[in-house]
Structure formats: structure tokens, C-alpha cells
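Trainee:
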Amino acid sequence: MYDILIIGGGPAGVSAALTAHSRGRTPLVLSNPIESNPLARAERVSNYPGMPDVTGQTMLEVMTAQLDVAGIERVESKVVQIMALGDRFLCAAGSEVYEGKALILAMGHMPQRGLPGEQTYLGRGLSYCATCDGMLYRQKTVAVLGFGAEAPEEAAFLAGIGCKVLYFGRGPKPDRWDDAMEYHQAARYTIQGDGSRVTGLEADGSLYAVEGVFLLRDSVVADSLLPGLEMHDGHIGVDAAMATSVPGVFAAGDCVGKPYQVAKAAGEGNIAALSADRWLTASTEGV
Ligand SMILES: Cc1cc2nc3c(=O)[nH]c(=O)nc-3n(C[C@H](O)[C@H](O)[C@H](O)COP(=O)(O)OP(=O)(O)OC[C@H]3O[C@@H](n4cnc5c(N)ncnc54)[C@H](O)[C@@H]3O)c2cc1C
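Quick note: the sequence shown uses numbering that gives the first Met the number 0, first residue 0, plus one each step.
#1: Is any heavy atom in ligand 3 found nearer than 6 Å to the beta carbon of Asp-222?
#2: Quick check: the Cα distance between Gly-8 and Cys-131, rounded to an integer number of angstroms?
#3: Select from Pro-51, Gln-56, Met-106 and Leu-59 the residue whose C-alpha is nearest the C-alpha of Leu-29.
#4: Please confirm whether Gln-102 and Leu-4 have their CB atoms less than 7 Å apart.
#5: Can we count Pro-171 as close to ligand 1, meaning its CB is less than 6 Å from some heavy atom?
#6: So, with DSSP's three-state summary, where would you put Gly-122?
#7: According to DSSP, is Cys-90 part of a helix, a strand, or is it coil?
#8: Buried or exposed for Ala-240, please, with buried defined as at least 16 other CB atoms from any protein chain shown within 10 angstroms of its CB.
#9: Taking the alpha helix (DSSP H) that Leu-224 falls in, what are its first and last residues?
#10: Tell me the rounded alpha-carbon separation between Asn-46 and Phe-249.
#11: Are the region 262-280 and the region 5-24 touching by the rule of at least three beta carbon pairs closer than 8 Å?
#12: On the three-state DSSP scale, how would you describe Gln-184?
#13: What distance in whole Å lies between the Cβ atoms of Asp-2 and Gly-85, which are believed to be in contact at a cut-off of 8 Å?
#14: Using 8 Å as the Cβ pair cut-off and three pairs as the minimum, do the region 108-122 and the region 187-199 touch?
#15: So Ala-142 and Leu-165 are in contact, right, with Cβ under 8 Å, and what is the actual spacing, rounded?
#16: Could you tell me the alpha carbon to alpha carbon distance between Ser-14 and Leu-200, rounded to whole angstroms?
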């Protein structure tokens with residue numbers, strides 16, 4: 000059981016973790032690898048104090064190293080589901096579940112809207128994680144919507160355990176490719192079902208009969224990740240203390256709104272961690 004689970008290891012998440020640690024809390028940072036962070040593509044960042052003219056990749060490496068030096072635990076994994084259980088939160092990432100008393104969402108820019116059918120069929124044939132749910136679909140035909148950096152690998156895992164995989168990508172066939180999979184390209188998707196289970200995938204007007212759909216993005220629409228989270232214009236709604244509509248859940252950085260800037264993300268991460276610390280003191284220690 001950690002004091003604070005932090006989802007996202009960009010500037011907001013790192014700043015939140017350092018502050019939480021300095022307040023004597025045990026944070027755990029759960030994040031995709033640095034390479035999948037959009038900031039890693041920045042050729043030059045020149046407006047962040049103390050790190051003049053660095054590439055985005057270097058900036059992220061320096062920040063991550065600071066976590067390691069401080070002894071802050073981090074796990075490279077994508078969180079696919081969060082459950083609020085009253086006095087604690089469970090985060091499912093890969094095949095593991097992590098438990099924390101408070102939560103900070105620092106997931107960066109998120110998909111604005113889900114696909115048609117996504118909310119209806121999540122957990123009913125639609126999954127965000129091949130490793131977690133793949134075994135349920137052995138010997139069955141599944142569609143993989145490969146929108147994230149790890150998607151080809153996750154799809155190959157499904158093929159390897161005996162799923163017939165129809166892979167849908169947005170560009171040329173990925174380099175890492177398992178020839179057992181069928182490759183398709185499309186721009187518009189609808190998840191089809193009979194109201195209770197997925198029955199197919201519509202891609203640019205063509206219908207494919209499948210029993211499961213794996214929607215593999217680097218991030219998950221925030222209100223699918225944590226039901227009940229209030230959103231405003233595609234961003235997580237927060238107050239001045241970075242508190243969301245769910246008690247014990249705070250948010251910071253690009254996921255709460257513009258300007259999309261490193262300095263703003265780091266500042267908000269700091270506020271979110273101080274607020275989470277105060278919330279833990281008040282709620283779990285009865286002060
Ligand atoms: C090309 C480019 C150039 C830029 N240049 C500048 C600049 O010069 N100056 C400046 O101030 N800003 C710049 N920015 C903006 C800056 O990158 C962002 O404002 C900043 O990174 C936001 O920090 P964050 O921590 O909120 O989110 P991010 O840095 O995006 O970090 C979020 C992390 O969380 C991960 N994540 C998301 N969902 C999940 C999940 N479900 N499970 C696990 N991990 C998850 C993401 O993969 C990512 O690694 C640039 C951005 C880009 C794309």
C-alpha cells in the first residue's frame with residue numbers, strides 16, 4: 000500500500016513525486032516509458048529554469064534520474080483501470096494491481112473522446128490491455144486497434160497465445176511484425192455489439208466479425224479510466240488545489256488544461272502533491 004499513486008512520469012508526475020517524497024509520503028510513479036512521452040520528441044526546450052537548451056528526451060531522462068536518486072519507486076507500465084474503494088484506490092497496470100490511499104493523475108494530453116461503443120463495451124469484449132485480458136480470447140478472432148507505441152508487441156502476444164488477430168493501424172505496417180496477424184488500415188472505427196457483448200468492429204464502413212477488441216493507446220480517456228471523474232472541455236476538472244471531483248484524487252499538468260508547458264505542469268504537480276498530503280493527513284490520520 001503506497002500513500003500516493005501517481006499516474007504519469009512527465010514533468011507533472013515527477014514534480015508531484017518529489018514533493019510527496021519530501022513530505023514523508025511514499026509515492027509510486029506508474030508511467031509509460033520515456034520514449035512514448037510526446038515531450039521526448041522536442042528538439043529543444045529553452046524555457047524551463049535550470050535546464051537551458053536541452054532536448055525533450057534529455058529533460059525527461061534527467062527528471063527520471065532525479066526520482067531514482069531520491070529512491071522513489073517507479074514502474075514502467077500503462078494503467079488501464081482505476082477503482083475507488085472508499086478509503087483506497089486500486090490501479091491495474093499490465094498484470095499487476097497497485098494500491099494507494101490517494102491518487103494524482105498526471106497523464107499529459109489525453110484522447111479527447113472515446114470511440115463510438117467504447118463506453119458501452121468496455122469490460123464486455125473491449126479491453127485496453129492484451130496482457131491482462133488476452134487469455135480470455137484464446138482461439139478467438141480479435142481486432143487490435145494499434146494506436147500506441149507498444150501495440151505491435153501486445154498484438155504479437157495475442158497471436159502467440161492463439162488468438163486470430165486482425166490488426167488495424169494508421170500508417171504502414173509496423174517493423175516488429177508477426178506474420179500470423181492480418182494488417183488493415185482505417186481512419187474511422189465503431190465498436191459493434193448486441194448491447195451486452197462486442198460482436199464486431201466497423202472500420203471505414205466495413206464490418207469485421209470479432210469477439211474481442213483491444214484498443215491499445217498510450218493513454219486512456221480519463222473518465223473511462225476512473226468513472227465519475229468530472230471533465231471540462233476534454234480536460235480533468237480541478238479546483239485551485241488541483242483536487243478533482245473524486246475525493247482523494249488530484250490532477251496536474253496537460254491533462255487539466257492549457258497552457259501545455261513544462262513549467263506549468265511541474266508547478267501543478269507540486270500543488271497536487273501538497274494537497275494530497277493535506278488530504279491524507281485529514282482523512283487517514285483523523286487530524
Ligand atoms: C514536440 C513538443 C515540443 C514541446 N516543447 C515545449 C517547450 O519547448 N517548452 C515547454 O514548456 N513545453 C513544451 N512542450 C509541452 C510539454 O511537453 C508538456 O506541456 C509537458 O510535457 C506536460 O507535462 P505532463 O507531465 O503534464 O505530461 P507528459 O509530459 O505528457 O507526461 C505524461 C506521461 O504519462 C504517460 N501516461 C499517460 N496515460 C498513462 C496511463 N494510463 N498509464 C501510464 N502512463 C500514462 C504518458 O505516456 C506520458 O509519459 C512540447 C511538447 C511537444 C509534443
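Every residue, glycine too, gets a C-beta built ideally from N, C-alpha and C.
It should be emphasised that the depicted structure is a prediction, and the values quoted were computed from it without experimental measurement.
Mentor: In short:
#1: Absent from the structure shown: ligand 3. Ligands present: ligand 1.
#2: 22 Å
#3: Met-106
#4: One detail in the question is off: residue 102 reads as Leu in this sequence, not Gln. Yes, these two residues count as a Cβ contact at 7 Å.
#5: no
#6: coil
#7: strand
#8: exposed
#9: 221-224
#10: 26 Å
#11: yes
#12: strand
#13: With 8 Å as the limit, Gly-85 and Asp-2 do not qualify as a contact, their Cβ atoms being about 16 Å apart.
#14: yes
#15: 5 Å
#16: 40 Å
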